[in-house]
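**Student:** Numbering-wise (this note's numbering), the sequence shown opens with residue 1 and increments by one.
Ideal Cβ placement from N, Cα and C applies to all residues, glycine included.
In this text, all values refer to a predicted model and were calculated from it rather than measured experimentally.
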Amino acid sequence: MHWGGTCFDLTNPKTRAYVRSVAARIGRDWGYTYLKLDGLWTGTATEIRYVNTGYKDDHLGRSSRHDPEITHIQAYRDGLKIVRDAVGEGVYLLGCNVAQNMRTLGASFGLVDAMRIGPDNGRKWPQMCRGPFSGSNLYFLHGRVWHNDPDPIYVRDEVPLEHARALTSWVALTGQLNASSDDLLKLSPERLHLLQRSMPAHGLQARPVDLFEQKIPRIWLLTDNRRTPRRDVIGLFNWEEKDKTHISCPLERIGLAKADRYIGFDYWADAFLDPFAGSLESDLPPASCRILAVRPVGTHPQVLGTSRHITQGTVDLLEEAWDEQKHTLSGTSRVVAGDPYELRIAAFGQDRTWRATGAAVSKDDADNLVTIQLVGQDDWRVRVRIEAPKNREVRWSLRFD
């Protein structure tokens with residue numbers, strides 16, 4: 001494969017000066033703040049070995065360099081340092097990609113903000129799975145060394161809805177770099193909805209539970225300990241295109257805190273989960289997923305999840321507190337203008353079900369035309385809707401008897 005063309009000799013001072021001038025023009029003069037450096041392997045002056053996931057003979061050391069005392073990898077890193085310095089502060093550098101020649105994997109550490117960690121994907125299911133495959137194998141780099149880039153999400157109408165949901169959910173849950181190659185103006189509201197629910201990234205590190213048992217892990221856990229209470233979101237995925245699957249996993253192995261029983265909310269099914277204990281059991285159709293926000297069964301009302309984001313509160317639910325004396329559940333949520341925001345609440349009590357009797361937002365929110373409504377209660381299942389004309393952090397409270 002020769003699409004990469006010839007390589008620069010980055011041991012040559014004239015070459016380095018040229019690279020610096022081009023990078024400075026793009027970053028400083030033209031003002032671009034997001035740069036994707038494709039064909040990145042060329043900086044090593046070795047041969048391309050696309051596609052591979054291991055180190056193969058690439059004739060390292062055979063090229064004739066201006067300064068033979070500088071190694072291939074040293075020259076490569078020097079080149080990246082030149083680009084980083086030349087573009088200026090605040091420029092996000094995305095490297096692309098480690099599958100062209102695996103020497104660029106370790107050689108790029110500390111010099112790029114993000115890295116494509118696999119080959120190009122596509123809109124067909126086997127191609128769509130390339131990102132989750134590579135992103136799972138290198139999940140431990142994400143958020144530590146750089147942001148893993150699994151390649152774009154595809155939600156266009158020609159992609160089956162379940163396929164689009166699965167890939168979008170995997171990217172949103174793992175928090176890896178979220179990009180789209182679709183023409184947004186041509187997307188139907190249903191497909192645009194998928195992208196809306198995947199943004200922004202949560203900034204945490206999710207963990208694959210069955211990494212060493214499956215070609216692509218089927219079980220992921222995202223835990224948010226930044227605030228109290230702790231929030232857990234489980235992702236269940238079936239990567240088989242034509243076969244359904246059954247997933248069974250002990251809750252302890254998933255990584256949940258020890259509790260007698262758990263309850264939850266299934267995001268795409270828009271449904272509450274009845275209490276369960278011991279293990280999580282689920283049947284999944286081919287090429288599909290379930291995203292479950294779960295919490296231990298409590299003795300007072302608690303938020304299971306929200307509608308804004310696939311991770312159900314991780315990016316938007318800033319506070320949640322129960323006042324035992326006033327029988328009030330209160331919190332603060334980031335609400336998007338014109339986007340109805342729903343709280344999904346479990347109203348379990350010690351020996352009874354709490355009954356929601358009222359809902360309110362702060363005076364400042366009300367003065368700014370924010371509204372809140374008790375949508376309904378079915379046994380212990382409570383839904384509350386908040387709407388705001390502008391983006392804002394809304395303080396809300398719910399009364400229970």
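In three-state terms, what does DSSP make of Phe-133?
**Tutor:** Correct three-state label for Phe-133: helix.
**Student:** Just mark Cys-248 as buried or exposed, buried being the case when its beta carbon has 16 or more other beta carbons within 10 Å.
**Tutor:** The amino acid at residue 248 is misidentified as Cys; the sequence shows Ser. Per the 10 Å Cβ criterion, exposed.
**Student:** Could you tell me the distance, in whole angstroms, from the CA atom of Phe-212 to the CA atom of Lys-14?
**Tutor:** The alpha-carbon atoms of Phe-212 and Lys-14 are separated by roughly 48 Å.
**Student:** Does the beta-carbon distance from Pro-286 to Lys-215 come in below 7 Å?
**Tutor:** No, they are not a contact pair.
**Student:** How is Tyr-76 classed by DSSP in three states: helix, strand or coil?
**Tutor:** Tyr-76: helix per DSSP, three-state reduction.
**Student:** Note down, one range per segment and in chain order, each beta strand (DSSP E) of at least 3 residues found wholly within the region 115-173.
**Tutor:** Counting whole runs of 3 or more residues, the region 115-173 contains the beta strand (DSSP E) stretches 147-149.
**Student:** First and last residue of the beta strand (DSSP E) that includes Val-361?
**Tutor:** Where Val-361 is concerned, the enclosing beta strand (DSSP E) stretches over 356-361.
**Student:** Give the C-beta separation of Ile-310 and Leu-280 to the nearest angstrom, bearing in mind that I take them to be a contact with Cβ-Cβ under 8 Å.
**Tutor:** About 18 Å; that fails the 8 Å criterion.
**Student:** Kindly indicate the opening and closing residues of the beta strand (DSSP E) around Gly-235.
**Tutor:** Per DSSP, Gly-235 belongs to the beta strand (DSSP E) from 231-238.
**Student:** By the three-class DSSP mapping on this structure, what secondary structure does Pro-189 have?
**Tutor:** Helix.
**Student:** Could you check where the beta strand (DSSP E) with Ile-263 kicks off and where it finishes?
**Tutor:** Where Ile-263 is concerned, the enclosing beta strand (DSSP E) stretches over 262-266.
**Student:** For Tyr-341, which of helix, strand or coil comes out of DSSP?
**Tutor:** Strand.
**Student:** Output needed for Arg-399: all residues of its chain with C-beta closer than 6 Å, excluding positions within five of it in sequence on either side, in chain order.
**Tutor:** Cβ within range, chain order: Thr-328, Thr-357 and Gly-358.
**Student:** Please determine, among His-147, Trp-380 and Pro-217, the residue with the shortest C-alpha to C-alpha distance to His-202.
**Tutor:** The shortest C-alpha separation from His-202 is found at His-147.
**Student:** Let me check one thing: in DSSP terms, what residues is Gly-331 bridge-paired to?
**Tutor:** Paired residues: Glu-320 and Trp-396.
**Student:** What residue does the beta strand (DSSP E) around Thr-371 start on, and which one ends it?
**Tutor:** Residues 371-378.
**Student:** Which residue from Arg-28, Leu-236 and Asp-9 puts its Cα closest to that of Tyr-290?
**Tutor:** The amino acid occupying residue 290 in the given sequence is Arg; Tyr does not appear at that position. Nearest of Arg-28, Leu-236 and Asp-9 to Arg-290, Cα basis: Leu-236.
**Student:** Answer yes or no: do Arg-65 and Asp-149 have a C-beta to C-beta separation smaller than 7 Å?
**Tutor:** No.
**Student:** Exposed or buried, what is Gly-338 when buried is set at 16 or more other beta-carbons lying within 10 Å of its beta-carbon?
**Tutor:** Label assigned to Gly-338: exposed.
**Student:** In whole angstroms, what is the alpha-carbon distance linking Glu-387 and Thr-46?
**Tutor:** Roughly 57 Å separates the two Cα atoms.
**Student:** Does the count of Cβ pairs from the region 100-109 and the region 32-43 closer than 8 Å reach three?
**Tutor:** Segments in contact, yes.
**Student:** Could you tell me how far apart the beta carbons of Ala-293 and Gly-313 are, in whole angstroms, since I believe they sit closer than 8 Å?
**Tutor:** Indeed they touch by this definition, with Cβ atoms about 7 Å apart.
**Student:** Which runs of the alpha helix (DSSP H) at least 4 residues long sit entirely within the region 82-114? Give them in chain order.
**Tutor:** Fully enclosed alpha helix (DSSP H) runs of 4 or longer: 103-107.
**Student:** Can you tell me whether Thr-306 is buried or exposed, with buried defined as 16 or more other CB within 10 angstroms of its CB?
**Tutor:** Per the 10 Å Cβ criterion, buried.
**Student:** Taking its Cβ as the centre, do 16 or more other Cβ atoms sit within 10 Å of Asp-351, making it buried, or is it exposed?
**Tutor:** With fewer than 16 Cβ atoms within 10 Å of its Cβ, Asp-351 is classed as exposed.
**Student:** Assuming contact is defined by CB atoms lying nearer than 7 Å, are Ser-136 and Pro-208 in contact in what I supplied?
**Tutor:** The answer is yes: Cβ separation under 7 Å.
**Student:** Can you give me the C-alpha to C-alpha distance between Val-384 and Val-370, rounded to a whole angstrom?
**Tutor:** Using only the alpha carbons, I get a separation of about 13 Å.
**Student:** Tell me which same chain residues have a C-beta within less than 8 Å of the C-beta of Gly-90, skipping the five on either side of it?
**Tutor:** For Gly-90, where only same-chain residues beyond five positions count, the Cβ hits under 8 Å are Thr-33.
**Student:** Assuming Glu-387 is part of the beta strand (DSSP E), what are its boundary residues?
**Tutor:** First-last of the beta strand (DSSP E) with Glu-387: 381-387.
**Student:** Per DSSP, His-246 is paired with what?
**Tutor:** His-246 is bridged to Asp-283.
**Student:** Compute the distance between the beta-carbons of Leu-256 and Gly-264, then report whether it is under 7 Å.
**Tutor:** Not in contact: Leu-256 and Gly-264 (Cβ atoms no closer than 7 Å).
**Student:** Just to check my reading of the structure: Thr-223 and Asp-232 have Cβ atoms closer than 8 Å, yes? What is that Cβ distance to the nearest angstrom?
**Tutor:** Yes, Thr-223 and Asp-232 are in contact; Cβ-Cβ is about 5 Å, under 8 Å.
**Student:** Roughly how far, in whole angstroms, is the beta-carbon of Gly-27 from the beta-carbon of Gly-88, given that I think they are within contact range, below 8 Å?
**Tutor:** Contact holds; Cβ gap of about 5 Å.
**Student:** If we define contact as Cβ-Cβ less than 7 Å, is His-300 a contact residue for chain B?
**Tutor:** Within the model displayed, chain B is absent; a lone protein chain is all it includes.
**Student:** Can you check whether the CB of Leu-93 is closer than 7 Å to the CB of Val-112?
**Tutor:** Their beta carbons are under 7 Å apart, which means Val-112 touches Leu-93 by this criterion.
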